[in-house]
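One structure is given below, encoded as structure tokens.
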Amino acid sequence: AAFLTPIVKRLKKGGFRVSLFSDPDPDWVAAARDTGADRIELYTGPYGSYHTDSAKAAKELERLGKTADAALAAGLQVNAGHDLVVSNLPALARRIPALAEVSIGHGLTADALEYGMAGTVGRFLKACGW
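Quick look at the structure:
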């Protein structure tokens, strides 16, 4: 991750907030912090794909939670994204109540076709507890 440090520094000098995309791995958090990044965004793809297997989903949710805990303890904010939908967001938001942002583009767009944009945004905000 050391190669990212000068890139992060340059972006922050330009006034940008920097978030690094990460698999859920608490051991990686210190390296992310050492780059000078402001946040990490946890990759939630496997969590999203386990919607029919509650045991796998619970195990992945715990990995995400432990990584978020480590990130918060290291002074980083936490985002999450990939395959997040209204049905799996509540458990994620309960396990990581300090989520700063979630990336839900595809799920939101697909639901908006059925429920309209305003209704869909409301459903997603409610699912996050926001």
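If you count the sequence shown from 1, you need to add 903 to reach my numbering.
Note that the Cβ used here is the ideal one computed from N, Cα and C, for glycine as well.
For residue i, write down the residues that DSSP places opposite it in a beta bridge.
| i | result |
| --- | --- |
| K1004 | One detail in the question is off: residue 1004 reads as Glu in this sequence, not Lys. Bridge partners of E1004: N982. |
Which residue marks the beginning of the beta strand (DSSP E) containing residue i, and which one marks its end?
| i | result |
| --- | --- |
| I943 | R942 to Y946 |
| S925 | S922 to S925 |
Might you give, ordered along the chain, the residues of its own chain that have their beta carbon closer than 7 Å to the beta carbon of residue i, omitting 5 neighbours on each side?
| i | result |
| --- | --- |
| G1010 | L987 and V988 |
| T876 | Residue 876 lies beyond the stretch modelled for the chain, which goes from 904 to 1033, so this question has no answer here. |
| A977 | V932, A933 and R936 |
Skipping 5 residues on each side, what residues in its chain have a beta carbon closer than 6 Å to that of residue i?
| i | result |
| --- | --- |
| A940 | V911, V921 and L923 |
| L992 | A1030 and C1031 |
| A974 | V932, I943 and V981 |
| K959 | Y953 |
Quick one: give me the first and last residue of the alpha helix (DSSP H) that residue i is part of.
| i | result |
| --- | --- |
| S957 | S957 to A976 |
| G1025 | M1020 to C1031 |
| L995 | L992 to R998 |
| V911 | T908 to K916 |
| A934 | V932 to D937 |
Just tell me which of the options has its CA closest to the CA of residue i.
| i | options | result |
| --- | --- | --- |
| R936 | T908, V1005, G1008 and D956 | T908 |
| P927 | R998, L975 and E965 | E965 |
| A854 | H985, E944 and M1020 | Lying outside 904 to 1033, the shown extent of the chain, residue 854 is not represented and no answer is given. |
| A994 | H954, A1021 and L979 | H954 |
Can you find the residues in the same chain that come closer than 8 Å, C-beta to C-beta, to residue i, ignoring five residues on each side of it along the sequence?
| i | result |
| --- | --- |
| Y1018 | R1026 |
| S952 | D986 |
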